[in-house]
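*Asks:*
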Amino acid sequence: MDILCKWHVIVKYMLNHDREEMFFPIMTCTFWINIVTQSVLYLSYFQFLDVNLSSYFSQTCIVAFYIATVALFYVAVKNKARYNKAEEWFKAFNSNDALIIKLLMGFFMLVSFVVLMFKALLSM
821 MDILCKWHVI
831 VKYMLNHDRE
841 EMFFPIMTCT
851 FWINIVTQSV
861 LYLSYFQFLD
871 VNLSSYFSQT
881 CIVAFYIATV
891 ALFYVAVKNK
901 ARYNKAEEWF
911 KAFNSNDALI
921 IKLLMGFFML
931 VSFVVLMFKA
941 LLSM
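Every position in the sequence shown, counted from 1, becomes a number in the working numbering once 820 is added.
(1) On a Cα-Cα basis, can you pick out the residue from A901, A912, I921 and Y894 that is closest to E841?
(2) Could you give the distance in angstroms between the alpha-carbon of H828 and the alpha-carbon of I882?
(3) For T948, which residues in the same chain have their Cβ closer than 7 Å to its Cβ, ignoring the five residues on either side in sequence?
(4) Between which two residues does the alpha helix (DSSP H) carrying N916 extend?
(5) Verify whether the separation of the beta carbon atoms of F933 and W852 is less than 8 Å.
(6) When you compare each of L861, T850 and L923 to I887 by their alpha carbons, which one comes out closest?
(7) Let's see if you can read the secondary structure: which residues bound the alpha helix (DSSP H) around M842?
(8) What is the rounded straight-line gap between the Cα of M925 and the Cα of I823?
(9) Please state whether DSSP places A912 in a helix, a strand or coil.
(10) Around the Cβ of S859, are there at least 16 other Cβ atoms within 10 angstroms (buried) or fewer (exposed)?
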């Protein structure tokens, strides 16, 4: 749970949100996790089993996973002590190190998102 709080704090500052803002960073993180996870699952597992992704069961599993991810992030960041600890962890970095962390996280999230999503779409 601590890693989710730290990730949320990095994304929050990366998106330039206020300290109290939690919704958009949560949605950004969960959307990224879902696209990357679904792409990896499709590329490594579903593609070879010829799973029908348009079935109601597949769609329900995808939506349920998204809701569970949102709930997990919400529970993680709702704990004030844990979240304040993650906030202080990030603020302990000097401005150059914080910028490097934000850039690396943004680059990693963007590249993994785009590459995996398009690789999965092109292999359908």
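Glycine included, every Cβ here is placed at the ideal spot set by N, Cα and C.
*Replies:* Judging by the given coordinates:
(1) Y894
(2) 22 Å
(3) For residue 948 there is no data in the structure shown, the boundaries of the chain being 821 and 944.
(4) S915 to L942
(5) yes
(6) T850
(7) Segment: none, M842 is in no alpha helix (DSSP H) and carries neither H nor E.
(8) 13 Å
(9) Taken through DSSP and simplified to helix, strand or coil, A912 comes out as coil.
(10) buried
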